Amino acid sequence: MTSPTTQVYPVIWNGDSVLLIDQTRLPVEYTFVEISCCKDMARAIKTMIVRGAPAIGVAAAYGMYLGAREIQTTEREKFLSQLEEVAQSLKATRPTAVNLFWAIGRMLKTAYESLETVDNVKAILLETAQKINLEDLQTCQEIGDRGLEVLPNSPEQLRIMTHCNAGALATAGYGTALGVVRSAWREGRLARVYAGETRPRLQGAKLTAWECVQEGIPVTVITDSMAAHCMQQSLIDAVVVGADRIATNGDTANKIGTYSLALVAKAHNIPFFVAAPLSTIDFELATGSQIPIEERDPAEIYQVGKSILTPERNVEFYNPAFDVTPAELITAIITEDGVYAPSQLRDHLKAKQIVY
Ligand code: MRU
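89 is the number that the working numbering gives to position 85 of the sequence shown; each next residue is one higher, with no gaps.
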């Protein structure tokens with residue numbers, strides 16, 4: 005494995021362009037891709053150079069700025085109409101993680117509300133993207149610490165299972181589910197992380213394992229089908245996962261395999277937590293049944309590296325990238341604003357008049 009020399013930040017503004025850690029090359033190579041235009045940012049999101057709901061949101065916000073920078077006109081109306089086209093091109097990249105749409109919406113709103121000259125609006129858009137980046141970092145640190153309030157109170161150090169990658173790489177730099185893990189590790193409450201490998205893209209095996217190694221956190225990688233066995237063997241004390249979109253009733257879309265993990269956790273009476281920022285809540289959705297589920301290239305299933313596992317002829321493949329875990333399987337949702345039973349989420353959002 006290659007190592008970074010500093011803290012892991014997957015999206016970095018370097019003064020003129022954006023540097024993205026190329027997550028398709030980890031853990032073999034720790035390299036950056038330089039992104040200078042909106043089209044390249046859209047491609048980087050689509051091809052998963054940058055991935056993970058909050059990180060996609062941050063990348064899209066910078067993509068909006070890069071797109072704004074490319075617009076030639078100084079007329080406000082023309083500028084806004086071309087910025088809408090930039091927004092559409094970024095929105096078309098991936099359908100499930102709502103942070104993408106949230107960040108683009110925030111950037112558009114900023115542009116519409118500003119009465120400055122077009123040049124000044126461009127500068128304000130850059131500031132807004134940087135703010136979204138910094139806010140996510142702080143938010144994840146809060147989520148991590150709030151997670152400590154609900155992790156099982158045990159004299160023994162905990163064994164926490166997670167799925168996919170919900171770490172620094174998937175956010176601005178601390179992680180949601182792995183943020184909770186990091187905070188537990190800092191407090192001496194963690195014995196080990198169990199990372200499901202996360203077929204087919206292997207974010208658990210490739211990214212979560214790599215991040216844990218960077219942090220010195222003991223990690224055991226298992227294949228996804230081993231989770232029930234590990235729970236039956238009393239190897240897991242709690243499950244903490246991230247989220248790509250949460251409906252207001254608490255139904256949660258996350259990486260494919262999360263739902264089955266929640267079912268087996270319930271069967272073994274193991275608490276199952278979702279850790280996510282408020283920007284992952286879709287305030288327009290009443291339930292998870294309306295969450296769009298991305299379907300990806302079947303080659304992700306039948307091909308591993310250069311090896312073809314199943315010759316394509318006469319075989320069909322189905323490759324949904326996410327599933328929806330029903331709210332009743334979730335013990336609590338850990339946000340920067342507090343920890344809520346899914347059944348409390350809607351009332352809480354209403355009471356606090358949280359509209360994101
Ligand atoms: O397809 P990916 O790698 O973008 O999916 C990522 C996940 O499902 C993560 O678990 C989720 O975005 C939470 S990120 C903090």
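Ideal placement from N, C-alpha and C gives every residue a C-beta, glycine not left out. Quantities reported herein were computed from a predicted structural model and do not represent experimental measurements.
Query raised in the report: Can you list, in chain order, the residues of its chain whose CB lies under 6 angstroms from that of A176, leaving out five sequence neighbours each side?
Result: V62, N137, D140 and L141
Report task. Starting from the N-terminal side, write out each stretch of the alpha helix (DSSP H) that is 4 residues or longer and does not extend beyond the stretch 296 to 329. Result -> 303 to 306
Requested in this report: Would you be able to state if there are at least three C-beta pairs under 8 angstroms between the stretch 276 to 289 and the stretch 241 to 248?
Outcome: yes
Query raised in the report: Can we count T202 as close to the ligand MRU, meaning its CB is less than 6 angstroms from some heavy atom?
Result: no
Requested in this report: Quick one: residues in its chain with C-beta nearer than 7 angstroms to the C-beta of Y344, no 5 flanking neighbours on either side, listed in chain order?
Outcome: A336, I337 and H352
Report task. Pull up the distance between the alpha-carbon of G183 and that of E88, whole angstroms please. Result -> 34 angstroms
Requested in this report: Determine the DSSP secondary structure at I136, reduced to helix, strand or coil.
Outcome: helix
Query raised in the report: In chain order, what residues of the same chain have a beta carbon less than 8 angstroms from the beta carbon of N124, not counting five sequence neighbours either side?
Result: S118
Query - Helix, strand or coil at T256 [DSSP, three-state] - result: strand
**Report entry** Nearest-angstrom Cα separation, counted from A127 out to M308
**Finding:** According to the sequence shown, residue 308 is Val rather than Met. If I take the Cα positions, the gap works out to 44 angstroms.
Query raised in the report: By DSSP, does R203 sit in helix, in strand, or in coil?
Result: coil
Query raised in the report: Under 7 angstroms between the Cβ atoms of V244 and T166?
Result: yes
Query raised in the report: Near R29, what residues of its chain come up, given a Cβ to Cβ distance below 7 angstroms and the 5 sequence neighbours on each side ignored?
Result: T35
**Report entry** 7 angstroms Cβ shell around C41 - same chain, five flanking residues per side excluded
**Finding:** L70 and E74
Query raised in the report: With burial defined as no fewer than 16 other Cβ atoms inside 10 Å of the residue's Cβ, what is the status of A355: buried or exposed?
Result: exposed
Query raised in the report: Does any heavy atom of the ligand MRU sit closer than 6 angstroms to the C-beta of T256?
Result: no
Query raised in the report: For the ligand MRU, is there a heavy atom less than 6 angstroms away from the beta-carbon of T143?
Result: no
Query raised in the report: Relative to the alpha-carbon of D26, which residue among R98, R55, A209 and P324 has its alpha-carbon at the smallest distance?
Result: R55
Requested in this report: Just the C-alpha distance for D255 and A279, rounded to the nearest angstrom, thanks.
Outcome: 13 angstroms
Query raised in the report: Cα separation between T224 and K82?
Result: 54 angstroms
Query raised in the report: What's the gap between the Cα of K135 and the Cα of L313?
Result: 45 angstroms
Query raised in the report: Helix, strand or coil for V245 per DSSP?
Result: strand
Query - Exposure of E332, with buried meaning 16 or more beta-carbon neighbours within 10 Å - result: exposed
Report task. Assuming A46 and L94 form a contact by the criterion Cβ under 8 angstroms, report the distance between their Cβ atoms to the nearest whole angstrom. Result -> 5 angstroms
Requested in this report: Spell out the partners DSSP gives L162 in its beta bridges.
Outcome: L194
Query raised in the report: Name the DSSP bridge partner or partners of E38?
Result: L23
Query raised in the report: Who are the Cβ neighbours of I164 in its own chain at under 8 angstroms, not counting the five residues just before and after it?
Result: L155, V184, V185, A188, L194, R196, V197, Y198, I240, D241, A242, V243 and V244
Requested in this report: Helix, strand or coil for Y69, going by three-state DSSP, please let me know.
Outcome: helix
Report task. Please confirm whether any heavy atom of the ligand MRU lies closer than 6 angstroms to the CB of C41. Result -> no
Query raised in the report: Between which two residues does the alpha helix (DSSP H) carrying G109 extend?
Result: V102 to E117
Query raised in the report: Which stretch, first to last residue, makes up the beta strand (DSSP E) that contains A170?
Result: Careful: A170 lies outside any beta strand (DSSP E) and carries neither H nor E.
Query raised in the report: Sorry if obvious, but does the Cβ on C168 come closer than 6 angstroms to a heavy atom of the ligand MRU?
Result: yes
Query raised in the report: Apart from the five residues on each side of it in sequence, which residues of its chain come closer than 8 angstroms, Cβ to Cβ, to L152?
Result: V184, S187, A188, E191 and R193
Requested in this report: Given a cut-off of 7 angstroms, decide if T180 and A170 are closer than it, judged by their beta-carbon atoms.
Outcome: yes
Query raised in the report: Measuring from the CB of G220, is there a heavy atom of the ligand MRU at a distance below 6 angstroms?
Result: no
Report task. Starting from A232, trace the alpha helix (DSSP H) both ways and give me its first and last residue. Result -> A231 to Q236
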